[in-house]
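Using full-length UniProt numbering, the first residue of the sequence shown is number 1, and each one after it goes up by one.
Following: one structure in structure tokens, then a few remarks.
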Amino acid sequence: MPAAQRKSTHPPKQGLGYRQFCLAFDGRPSFAEWDCDVDVDSRPKRSSHKGRVPVRLFVADDRGCLGVAGTGEVEKEDFARLRAPRFACGRVAGEKTVPTSRRKLAKLLESWEVIDEDDVWCMVEETQERPRSARRSYVDVAANEMGIDAWEEPYLVQTVLGKGSVASTVKAEESAGSEATTDEDEFGDLKGILEMKFSRSLRGRVEARRRHHQRAERKKEKMRRKSEVVFVMTREGHRRGGVRVPLWVRILLCIGMGIIIILSRVKLVSVPEFESLHSAPLVGVNVNSLFTDEYLSGRAWGTYIPQLLFALTPGHSQWEGDDPRRAPVVGLLWSDANGKDLRYECEVPEKSRVTFRYAEHCHSSGKFVAEDAKLRSSISASWRVRSGAIEVNAQVVNRYANRTEKFYFYVDDVDGNLGDYQISGLEKAAQHQLKWPSAEKFNVAELIQLRKRKIRKNGKILPGFDLVDGGEDCKDQSCLSLWVVEVAENATLRVRLESDKIIGSSDADDDDGYDAAVRRLWPNLKREMYHAVASVVGGVSDTRGELVVKDGPPVNRSLISMVPSRSFFPRGFLWDEGFHLLLMEEWDPTRALQILLSWLGMQDPQSGWIPREAALGPRQQSRVPRQFLPQDRTIANPPALLLTIRSIIAESRENFETLESVGSILRTLVAPHLDGWYDFLDKTQASPFSTSSTRCPRWTGRTAAHNLASGLDDYPRGVLVDEGLECHVDLTSWMVLFADTMVKINSTAVGVRPTRFWQGEQERLQSLLRTKMVNGKGMFSDLIGRQIVEKRKGKEGSVLSRPPWMSRGSAGGQCSPMDGIECDPYSDAPCCSPSGWCGGSRDHCECEGCIRYLPLEERMKKDKAFGRKYTVSAAPVHSPHVGYVTIFPLLLGLLHPIEDRQIILATIDVVNKELMTPYGLASLSKSDPLYRMGEDYWRGKIWGNINLLAIGALWHYGSVMDDSTITEMADSIRKGFMKTVEDGFKKKKSIYENYTPDRGEPAGAAPFTGWTAVAYVLATEEDNHWWEKAVGTLNVDQARHERYVSDEL
């Protein structure tokens, strides 16, 4: 035995009651005997030992060879002479390289301390009675004698040692006069004894596992040689990838691409047949040239500033002025006697206590009503725009005893666009001329507050105020004209503004009557809910201005759109518009076509991108949070405008007031924009690592908490973001509908790919939907890439659905380490401050008591308790969440009633058992771990647009499949949703954004006269007319004929 010895200084580890000792030697040992001094007093007290310690000795030398000694017993303060033959060679690297595939093997290496490369170690372990499964470590070690390399083949070694041991001190001294011996015969005898202890079945299993692993390694090596892909997981959770290609190959590729580009320029190489040319004929073009003068004149003026309570202004698409902010505006305001509570802009009713709506609304007339609970007053205003005049009849009812109110009528015409107008009906009102402080100002309420002067008498401030006029500067009509009326109880104003600059309908062109029109289109709609139609069609915005774009200069655009909420979202939203226009297409088909063309004119001609929301000009931008103002050119939105296009295709051509045929407009103007839009979705919203034949659609920009591009903002997908290997059911469904719409248009215009291309795309995406995005239960489910999965017995492979930072009942932005409420490590606020708030500043992350939460991939490495429970899946997995996304192919009518019968029934079963409530369909299953958690936006709430699609789809499939239970389910959803909306209106006098699934209570923004009101109105159509036009591709007779043929075959 070598003379030099040193003790290991590795810190002791606690374990199950046996001992672990390390001795270091400077030389290479041979077959010899060692003396190990064991301090028995440091072990745990157990009566079974009685002063004697059973030991087993393990040795590793500089070659990495392991040795095992026979079992012996050590007296207290005595020496044990144990034989240690050498066997089972392997290598132990100096930097402690650990096979990570075996956790217990990794623990063993971490317990050894490397002194020098030539050092060797020995280990003494106190044995104890343990189950046979726990003693299999000795079986695996002995199996090395049969040729298993414990270090190079860790997959064959389940464990080498158990857990750590109680701290002990070991003193190893060279025994006097002991000499190393190399008795090969004795070593052979021990080898034979070990071999006899293991049955042939164990050998067979070992050999089978080795052969299986060798085949897997050969296959892996073959795939690696073909293309070695390296994945990098960023801190935000996004996967990035790249292919390692030799330098000379990259140089040749660059040269080849350059040659192709040069030849393309000189027309020696033709453009591929199916390449989109991104033709955008509507960009920068005034679409009004497509419509008749009579139609345009009837809509020249209107309520086109939806965020104002009541204001009439010319549509900016027809107004010829350079600056849209200088367009004339005629409107009403009211306030208390002191002018403190000025009612000018639409605000959320819970905040202002003002409920408002349009009771009637036609293209050139309407009626506005409001209830002011704080001021105890009711306001109504009827208007009519005719060529050369605007008539406004307003009535104010003041129910506040002994307290007056002020009612204002104003004309904002700073540039004199109305000319020398005449106004009547305001003879008893006090007139003022208020000068704007700058050309950038446009808020009349702020101007009144700025020019207001308190009335004082005897040192006291009296109710009311005086307005400071603009003086001589206002004589040229460059100021705002304001008329103020004091209202004690009731007041009525009949105002007529005459000007030859006002364009409107002729006197002969009178409306048929709002009530008659609603009754003709929707005879089942209740009379007290007629206002829902007026509020939808009255929320039209016609404006021009700059669109703020991320990573680029602002671009000037003009847009006619319908806003979802005049108080909360007074701007256009792309995927909301597709549902708004379903109602507008029935109410005014020409208007729907005009709005559709206006949205397509927002398209970027180079990329085909259309912004997901459009806040144009300073007035609309003033109501948008700064972080949502810039539009990202890589973020898409559901192409719900396809529903409108399909409805227009099915609409009678006689209902459109256009100069050209609607079919020609769709083929020559609409189709090129759709081709470019599809190309944008196909290129930017596809998984980077999907092949050219699959191109798996997924929404770009998804985070662990949000997916704003999908429109289903916080609907859960996956905790980790693995965009390279994700496929999203809803986007794929939209793109199938997109391809089918292009087949219907059948355009041969320049820049539009042929019909056979769209038919091929439709088949490819349908196949992708059925092969990649159907889970083991036969239901549609997102493919969400590699995710955190369970390792615990009985739950192996289960996807982590609820991340640690998601806790029920926790307020947004708050954290509490004591209660297990964490911060989202993938957000911009990953740290918890001592005061219990999440953030990303130094006060949150670098202070005393601050906690920074790690991404889950890092936490599994550093938090051993977390790492024992979870791991990252080796292959992409399906989303465990069940909700709106699960039923999307059914909602869009993509399933064939005969060929897809089984999956239709499985999807309907999901609707019935997971999503159905007495108030409509919930957005997430009640059994989901994230149900009603976090922001709780799309995590259980009932939404009108999806309920509308579900009602139509179920009614359709129930009819074509002759299944009355399905149609009854559709009718149950329809009645439940309609009753929920009606009850909410009776209770709060507004239609709301969404409703709770537990009690049907109104929730979200209000008044939300977007798709909630649209869904309520269209749901009254018992014949499902709207769905068959906008979605359905197979009518009842065709389905029955196909089913008959199928049965006969």
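Yeah, the Cβ is synthetic: ideal placement off N, Cα and C, and Gly gets one too.
- Three-state secondary structure (DSSP) of S801: In the structure shown, S801 sits in coil (DSSP, three-state: anything other than H, G, I, E or B).
- Message: Measuring only the C-alpha atoms, how far is V485 from P625?
- Response: About 36 Å.
- Query: In chain order, which continuous runs of the alpha helix (DSSP H) of length 4 or greater are located wholly inside the region 553-617?
  - Reply: Runs of the alpha helix (DSSP H) inside the region 553-617: 574-587, 589-600.
- Message: Between A614 and chain C, is any beta-carbon pair separated by less than 7 Å?
- Response: Within the model displayed, chain C is absent; a lone protein chain is all it includes.
- Would you list the residues sitting across from S505 in a DSSP beta bridge? In the DSSP secondary-structure assignment, S505 is bridged to R386.
- Own chain partners of G388 with C-beta closer than 8 Å, once the 5 adjacent residues on each side are dropped: The answer, listed in chain order, is E498, S499, D500, I502, G504.
- Task: Would you mind giving the Cβ-Cβ distance between D782 and C823, rounded to the nearest angstrom? I have them listed as a contact below 8 Å.
- Result: About 26 Å; that fails the 8 Å criterion.
- Count the other CB atoms within 10 Å of the CB of residue 1074; is the residue buried (16 or more) or exposed (fewer)? Outside the shown range of the chain (1 to 1049) lies residue 1074, about which nothing can therefore be said.
- Keeping to the same chain, check which residues put their C-beta closer than 8 Å to that of E723; ignore five residues upstream and five downstream. Answer for E723: H238, R239, S687, P688, R698, T700, R702, G785, listed in chain order.
- Of the residues D336, P306, S297, which one's Cα is nearest the Cα of Q318? Nearest of D336, P306, S297 to Q318, Cα basis: S297.
- Message: Counting beta carbon pairs with one atom in the region 931-938 and one in the region 957-975, are three or more of them shorter than 8 Å?
- Response: In the pairwise beta carbon analysis, the region 957-975 is classified as not touching the region 931-938: fewer than three pairs are separated by under 8 Å.
- Query: According to DSSP, is C850 helix, strand or coil?
  - Reply: Coil.
- Message: I believe Q307 touches R544 by the beta-carbon criterion, under 8 Å. Please report the beta-carbon distance rounded to the nearest angstrom.
- Response: Going by Cβ atoms, the distance from Q307 to R544 rounds to 16 Å, so no, they are not a contact pair.
- Task: Use the C-beta contact count for G552: other C-beta atoms within 10 angstroms, 16 or more gives buried, fewer gives exposed.
- Result: Exposed, because fewer than 16 other Cβ atoms sit within 10 Å of the Cβ of G552.
- C254, buried or exposed, once every other Cβ within 10 Å from all chains shown has been counted against 16: Exposed: under 16 other Cβ atoms inside 10 Å.
- Query: Exposed or buried, W248, counting other C-beta atoms within 10 Å across all chains shown (16 or more means buried)?
  - Reply: Within a 10 Å sphere around the beta-carbon of W248 sit fewer than 16 other beta-carbons, which makes this residue exposed.
- Query: To which residues of the same chain is I745 closer than 8 Å at the C-beta, ignoring the five residues directly before and after it?
  - Reply: So the qualifying residues of the chain are I645, I649, L666, R667, V670, A671, L674.
- Indicate whether V789 and G797 have their beta-carbon atoms separated by less than 7 Å. In terms of Cβ geometry, V789 and G797 form a close pair [threshold 7 Å].
- Query: Cβ atoms of N398 and R494: under 7 Å apart, would you say?
  - Reply: Note that the C-beta distance between R494 and N398 is not below 7 Å.
- Query: Just checking, does the region 565-584 make contact with the region 599-612 on the three C-beta pairs under 8 Å criterion?
  - Reply: Judged by pairs of C-beta atoms under 8 Å, the region 565-584 touches the region 599-612, as three or more such pairs exist.
- Nearest to R451 (by Cα), restricted to the options L596, S481, S289, I560: For the set L596, S481, S289, I560, the Cα lying nearest the Cα of R451 is the one of S481.
- Could you tell me how far apart the beta carbons of T322 and R343 are, in whole angstroms, since I believe they sit closer than 8 Å? Sequence check: residue 322 is Asp here, not Thr. D322 to R343, Cβ: 31 Å. No contact.
- Message: What does the alpha-carbon distance come out to for the pair E657 and W301?
- Response: Each residue's alpha carbon lies about 18 Å from the other.
- Quick one: residues in its chain with C-beta nearer than 7 Å to the C-beta of A1030, no 5 flanking neighbours on either side, listed in chain order? Spatial neighbours of A1030 in its own chain (CB-CB distance under 7 Å, excluding positions within 5 residues in sequence) are listed in chain order as L582, L643, R646, S647.
- Task: Output the distance between the C-alpha atoms of L290 and P523, rounded to the nearest integer angstrom.
- Result: Within the model, the alpha-carbon separation for L290 versus P523 is close to 33 Å.
- Query: So, using beta-carbon positions, are E914 and S923 closer together than 7 Å?
  - Reply: In this structure, S923 does not lie closer than 7 Å to E914 by Cβ.
- Using the DSSP secondary-structure output, state which residues sit across from F780 in a beta bridge. Its beta-bridge partners are V774.
- Candidates S378, H361, R326: which alpha carbon is nearest W334's? Answer by Cα proximity: S378.
- K435 - DSSP class collapsed to helix/strand/coil: Secondary structure of K435 (DSSP, three-state): coil.
- Task: Using a threshold of 7 Å, state whether the C-beta atoms of D542 and Y304 are closer than that.
- Result: It is a contact, given that the beta carbons lie within the stated cut-off.
- Which residue from H1025, P803, P246 puts its Cα closest to that of P929? Comparing Cα-Cα distances from P929 to each of H1025, P803, P246, the minimum goes to P803.
- Simplified DSSP assignment, three categories, for S687: S687: coil per DSSP, three-state reduction.
- Item | R717 - DSSP class collapsed to helix/strand/coil | Secondary structure of R717 (DSSP, three-state): coil.
- Nearest-angstrom Cβ-Cβ length linking R974 and A1019, presumed shorter than 8 Å: Right, their Cβ atoms sit about 5 Å apart.
- Query: Considering only the beta carbon of each residue, do M602 and A592 sit closer than 7 Å?
  - Reply: Contact flag unset, no.
- From this set, G425, A970, G778, K941, which residue's C-alpha is nearest L954's C-alpha? Checked all of G425, A970, G778, K941; the closest Cα to L954 is A970.
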